[in-house]
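Chains as they are written, first to last, in full-length UniProt numbering: chain A, 1 to 419; chain B, 1 to 206.
Backbone N, C-alpha and C define an ideal beta-carbon position, used for all residues, glycine too.
Quick notes on the structure that follows.
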């Protein structure tokens, strides 16, 4: 149904792409993203960026994406490239073949899950536990096989948690009024949890997955896109008895703030906020709670555009070969243009820290916007949370990213000066 | 230090995912209920000012994620708490069974000076569902649990219908305030008669 609406363009019908339930409209923050002619990547420009065989001129589209985002009518297919599902240097035929192979693969995985829990793929989902605390099935009719090992047991134990969260994911959107759409989200998260048992499912993954479910119609395709998104973010969701993965990004944030704004950092430390836990949610769900739905999509494509690395497809698809090719090649201007602005700077300066994603710098930029108020008014970490809370839905994604790039520049030059 | 210090009471709300922690808080502070809440990530808080006797206090209520995999954050978030509110869903046995775990985990991570005296309150939420026909945890069972934990005050609530929410949070505030007093007194080294044990009246004895 999204495709039908795509023909008209402009700002007014943005809500037609992601319609909000009438009773929720009063509470929904206004979308601050508007497609702009000459800035936003349009459908026409996108189509004209492929040659006859299907090779994509990624440098050309990156320029647009970083300037004004992606038109809602093509977000799904553009994101597949941004997230590394496909190689821009491949042909239409190669991509069709890969897509079909992946769909077959997903169907097999899903069938495997379905044999264990028949509810998967049924168009319905569960919100109450399948397994009691002693590891016994609560309702045998809901279980296809007795949980035979720890992996199966752990997976079955998390399925109702996914269901509880699906019930609470973007419910203001008309899209999730449909149980089938909710079940699609549940299925994808459940299959993911089965395959990535190291991470499984952690609250917040639903917020990352939901837009992909909406933007990409085919369930298998949205699964693969989610998988690629998780490659960037999965370390944030790693939990242990003593810490959560996202805390390593928070440590990087602390490092950045200490370097670029020591005064603010010191103040935060005095308030016992040096761990930057107040930024936990921003990083964990990539600002989904700070921006409107459409605003988040815009922010995400700016971030992924700026972080784009032309080796990303190979890194995920053929990690061995990618590693072999990783030895610094001579980076010609032509190749450098295939990098996003943020990644280009990292590559040039040899900065390869995994935990220094652009999102971390975006948080830093948000703190900088509130620099004065935090210094003058914050007398406790709770005040910091409150001051940052005021930005909700007032943030301009583009400005935040531009500011983040400036902070990155400052950080890299100061950090290098120290070496 | 005691001069003009704002009376800020920190309250932590814990319990299984989906029992209604966020809804209870929002009903209390914003007087509204929504079906569209999102799962809490990490922790979040709201504040509310209220008058208790002749004192103006700010209640800072910390909402937490229900998934147990967020528990490692407790050390950071529970620090300095004045009261802990445990919430379960009267229609879901499991959410009641895990109370022991939440109780124990809180004490372990918050590490209060006197764990036996640290104030807890229990809320049995969602009593409105199906006119009460789907409830699986009886009031008696919940009260027995409270007694076994040193006479924890107990309230049955409905965040949706705004039933008993104000009363519960008033009790929470009073309990937290009383605990704060004791701590102040403790730090100043002035002994004072311990308040007599709460008499259980299906609510707050403060």
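7 angstroms Cβ cut-off: residues of chain A touching residue i
i	result
residue 69 of chain B	202, 239
residue 159 of chain B	Within 7 angstroms Cβ-Cβ: nothing; residue 159 of chain B doesn't reach chain A, min ~14 angstroms.
Inter-residue spacing [alpha-carbon to alpha-carbon] between residue i and residue j
i	j	result
residue 24 of chain A	residue 168 of chain A	14 angstroms
residue 416 of chain A	residue 242 of chain A	33 angstroms
residue 57 of chain B	residue 203 of chain A	33 angstroms
residue 193 of chain A	residue 165 of chain A	14 angstroms
residue 92 of chain A	residue 339 of chain A	22 angstroms
residue 177 of chain A	residue 20 of chain A	10 angstroms
residue 118 of chain B	residue 101 of chain B	16 angstroms
residue 383 of chain A	residue 259 of chain A	23 angstroms
residue 218 of chain B	residue 157 of chain B	The question about residue 218 of chain B has no answer here: the residues shown for chain B are numbered 1 through 206.
residue 84 of chain A	residue 55 of chain A	15 angstroms
residue 236 of chain A	residue 284 of chain A	6 angstroms
residue 18 of chain B	residue 366 of chain A	31 angstroms
residue 251 of chain A	residue 245 of chain A	10 angstroms
residue 139 of chain B	residue 70 of chain B	29 angstroms
residue 174 of chain A	residue 182 of chain A	11 angstroms
residue 30 of chain B	residue 387 of chain A	19 angstroms
residue 73 of chain B	residue 389 of chain A	20 angstroms
residue 90 of chain A	residue 231 of chain A	21 angstroms
residue 119 of chain A	residue 134 of chain A	22 angstroms
residue 59 of chain A	residue 158 of chain A	42 angstroms
Amino acids of chain B, ordered along the chain, whose beta-carbon sits closer than 9 angstroms to that of residue i
i	result
residue 244 of chain A	42, 69, 70, 72, 73
residue 385 of chain A	44, 45
Chain-ordered neighbours of residue i on chain B, where CB pairs are closer than 8 angstroms
i	result
residue 293 of chain A	Per Cβ cutoff of 8 angstroms: no residues; residue 293 of chain A is ~12 angstroms from chain B at best.
residue 161 of chain A	17, 67
Test item: CB-CB of residue i and residue j under 7 angstroms
i	j	result
residue 103 of chain A	residue 180 of chain A	no
residue 295 of chain A	residue 32 of chain A	yes
residue 129 of chain B	residue 91 of chain B	yes
residue 343 of chain A	residue 311 of chain A	no
residue 225 of chain A	residue 213 of chain A	no
residue 9 of chain B	residue 64 of chain B	no
residue 84 of chain B	residue 172 of chain B	no
residue 276 of chain A	residue 254 of chain A	yes
residue 288 of chain A	residue 207 of chain A	yes
residue 156 of chain A	residue 131 of chain A	yes
residue 292 of chain A	residue 29 of chain A	yes
residue 278 of chain A	residue 385 of chain A	yes
residue 213 of chain B	residue 16 of chain B	Summary: the structure shown does not reach residue 213 of chain B, with chain B confined to residues 1 through 206, and so no result is reported for it.
residue 99 of chain B	residue 86 of chain B	yes
residue 40 of chain B	residue 22 of chain B	yes
residue 159 of chain B	residue 24 of chain B	yes
residue 162 of chain A	residue 190 of chain A	yes
residue 39 of chain A	residue 76 of chain A	no
With 16 other Cβ atoms within 10 Å as the buried cut-off, status of residue i
i	result
residue 265 of chain A	buried
residue 146 of chain A	exposed
residue 227 of chain A	buried
residue 185 of chain B	In this prediction, residue 185 of chain B has a pLDDT of 44, which is less than 50 and means its spatial position is unreliable; what the coordinates show is noted afterwards. By the 10 Å Cβ count, residue 185 of chain B comes out exposed.
residue 115 of chain B	exposed
residue 301 of chain A	buried
residue 71 of chain A	buried
residue 174 of chain B	buried
residue 440 of chain A	Beyond the ends of chain A as shown, which are 1 and 419, falls residue 440 of chain A; an answer cannot be given.
residue 116 of chain A	buried
residue 371 of chain A	exposed
residue 200 of chain A	buried
residue 108 of chain A	exposed
residue 27 of chain B	buried
residue 80 of chain A	buried
Closer than 6 angstroms: residue i CB and nearest the ligand SAM heavy atom
i	result
residue 161 of chain B	In the structure on display, the ligand SAM does not appear, and there are no ligands present to speak of.
Contact set between residue i and chain B, taken where Cβ atoms lie within less than 7 angstroms
i	result
residue 164 of chain A	17, 18
residue 382 of chain A	45, 60
residue 168 of chain A	37, 38, 39
residue 24 of chain A	36
| query | When Cβ atoms are compared, which residues of the region 93-106 of chain B fall closer than 8 angstroms to chain A? | reply | The residues in question are 94, 97.
| request: Mind checking the region 125-144 of chain A against chain B and listing, in chain order, the residues whose C-beta falls within less than 8 angstroms of any C-beta there? | output: Sequence-ordered contacts of the region 125-144 of chain A with chain B read 127, 128, 129, 132, 133 [C-beta pairs closer than 8 angstroms].
| In the region 8-29 of chain B, which residues sit with their C-beta less than 7 angstroms from some C-beta in chain A, listed in chain order? | Residues passing the 7 angstroms Cβ filter: 17, 18.
| query | Which residues, taken in chain order from the region 33-60 of chain B, show a beta carbon closer than 9 angstroms to some beta carbon of chain A? | reply | Residues passing the 9 angstroms Cβ filter: 34, 35, 36, 37, 38, 39, 40, 41, 42, 43, 44, 45, 47, 60.
| task | Give, in chain order, every residue of the region 73-87 of chain B whose Cβ lies closer than 7 angstroms to some Cβ of chain A. | result | The residues in question are 73, 76.
| request: Taking a Cβ distance cut-off of 8 angstroms, strictly less, list which residues of the region 278-291 of chain A are near chain C, in chain order. | output: The displayed structure is made up of protein chains A and B, and chain C is not among them.
| request: Using a Cβ-Cβ cut-off of less than 7 angstroms, list which residues of the region 267-278 of chain A approach chain B; keep chain order. | output: In summary, the residues of the region 267-278 of chain A whose CB is separated from some CB of chain B by less than 7 angstroms are 275, 277, in the order they occur in the chain.
| query | At a Cβ cut of 7 angstroms, what residues of the region 172-200 of chain A count as close to chain B, listed as they run along the chain? | reply | Residues of the region 172-200 of chain A with a C-beta less than 7 angstroms from any C-beta of chain B: 172, listed in chain order.
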